[in-house]
Amino acid sequence: MVRGEGRFTCLGLRNTTEALRPLTDDEKGFNRIDTRGGMQSLYTITESGLYKLVMRSDKPEARKFQDWVTRDVLPAIRKDGGVP
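Residue numbers (the working numbering): 57 to 140.
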(Lines of atoms letter the chains of each structure in order from A; the text may use other names.)
(Lines give C-alpha, C1' and ligand atoms only; values in the text may rest on other atoms or scores of the structure.)
Protein backbone atom coordinates (compact mmCIF):
# COMPACT_ATOMS: atom_id res chain seq x y z
CA MET A 57 0.00 0.00 0.00
CA VAL A 58 1.26 3.44 -0.93
CA ARG A 59 -0.67 6.48 0.29
CA GLY A 60 -3.48 4.11 1.27
CA GLU A 61 -4.01 2.84 -2.27
CA GLY A 62 -3.32 -0.68 -3.48
CA ARG A 63 -0.68 -0.91 -6.18
CA PHE A 64 0.17 -3.59 -8.71
CA THR A 65 3.57 -4.75 -9.87
CA CYS A 66 3.79 -4.69 -13.66
CA LEU A 67 5.93 -7.41 -15.29
CA GLY A 68 6.80 -8.44 -18.81
CA LEU A 69 7.64 -5.04 -20.27
CA ARG A 70 10.89 -4.85 -22.21
CA ASN A 71 11.47 -1.13 -21.65
CA THR A 72 9.74 -0.35 -18.39
CA THR A 73 10.84 3.28 -18.29
CA GLU A 74 9.37 3.93 -21.74
CA ALA A 75 6.20 1.96 -20.98
CA LEU A 76 5.53 4.01 -17.85
CA ARG A 77 6.24 7.38 -19.48
CA PRO A 78 2.56 8.11 -20.36
CA LEU A 79 1.49 7.58 -16.75
CA THR A 80 1.20 10.53 -14.38
CA ASP A 81 3.33 10.69 -11.25
CA ASP A 82 0.39 9.68 -9.06
CA GLU A 83 -0.10 6.54 -11.20
CA LYS A 84 3.45 5.21 -10.90
CA GLY A 85 6.19 4.86 -8.34
CA PHE A 86 9.76 3.65 -7.93
CA ASN A 87 10.69 1.75 -4.80
CA ARG A 88 13.60 -0.19 -3.39
CA ILE A 89 12.96 -3.41 -1.54
CA ASP A 90 15.27 -5.65 0.45
CA THR A 91 15.46 -9.19 -0.94
CA ARG A 92 17.66 -12.21 -0.27
CA GLY A 93 19.81 -11.00 -3.16
CA GLY A 94 20.12 -7.51 -1.69
CA MET A 95 18.33 -4.28 -2.44
CA GLN A 96 16.29 -4.37 -5.66
CA SER A 97 14.61 -1.55 -7.57
CA LEU A 98 10.92 -1.95 -8.33
CA TYR A 99 8.49 0.08 -10.42
CA THR A 100 4.89 0.12 -9.18
CA ILE A 101 1.70 1.38 -10.77
CA THR A 102 -1.79 2.13 -9.51
CA GLU A 103 -4.92 0.40 -10.73
CA SER A 104 -5.69 3.26 -13.12
CA GLY A 105 -2.10 3.10 -14.40
CA LEU A 106 -2.53 -0.63 -15.01
CA TYR A 107 -5.66 -0.01 -17.06
CA LYS A 108 -3.87 2.63 -19.12
CA LEU A 109 -0.98 0.28 -19.87
CA VAL A 110 -3.27 -2.61 -20.79
CA MET A 111 -5.42 -0.42 -23.04
CA ARG A 112 -2.31 0.83 -24.89
CA SER A 113 -0.81 -2.64 -25.34
CA ASP A 114 -0.88 -4.64 -28.56
CA LYS A 115 -0.21 -8.00 -26.85
CA PRO A 116 -2.84 -10.69 -27.51
CA GLU A 117 -3.56 -11.05 -23.79
CA ALA A 118 -4.22 -7.33 -23.54
CA ARG A 119 -6.48 -7.39 -26.60
CA LYS A 120 -8.81 -9.81 -24.80
CA PHE A 121 -9.11 -7.40 -21.89
CA GLN A 122 -9.52 -4.40 -24.22
CA ASP A 123 -12.29 -6.18 -26.11
CA TRP A 124 -14.09 -7.11 -22.89
CA VAL A 125 -13.92 -3.54 -21.56
CA THR A 126 -15.01 -1.90 -24.83
CA ARG A 127 -17.61 -4.51 -25.85
CA ASP A 128 -19.14 -5.42 -22.49
CA VAL A 129 -18.15 -3.21 -19.58
CA LEU A 130 -18.42 0.29 -21.06
CA PRO A 131 -21.68 -0.39 -22.95
CA ALA A 132 -23.21 -1.88 -19.78
CA ILE A 133 -22.22 1.20 -17.78
CA ARG A 134 -23.69 3.47 -20.43
CA LYS A 135 -26.93 1.49 -20.74
CA ASP A 136 -27.54 0.39 -17.17
CA GLY A 137 -25.30 2.57 -15.03
CA GLY A 138 -23.18 -0.41 -14.00
CA VAL A 139 -22.04 -3.92 -14.78
CA PRO A 140 -24.28 -6.78 -13.58
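Beta carbons are placed, not taken as given, at the ideal position from N, Cα and C, and that holds for glycine.
Sheet register partners of residue i (DSSP bridge)
i, result
"T73", "Paired residue(s): none; T73 is not in a bridge."
"K84", "I101"
Neighbour-count burial assignment, residue i, 16 or more Cβ in a 10 Å radius
i, result
"M57", "Because M57 carries a pLDDT of 48, less than 50, the predicted location of this residue cannot be relied on, and no value is offered for it."
"E83", "buried"
"L76", "buried"
"T73", "exposed"
"N130", "In the sequence as displayed, the identity of residue 130 is Leu instead of Asn. The residue in question, L130, is exposed, as its Cβ has fewer than 16 Cβ neighbours within 10 Å."
Spatial distance of residue i from residue j (CA atoms)
i, j, result
"W124", "Y107", "12 Å"
"Y126", "D114", "This sequence places Thr at residue 126; Tyr is not what is there. C-alpha separation (whole angstroms): 15 Å."
"L79", "G105", "6 Å"
(message) My parser needs the beta strand (DSSP E) runs of 3 or more residues fully inside the region 109-135; what are they?
(response) none
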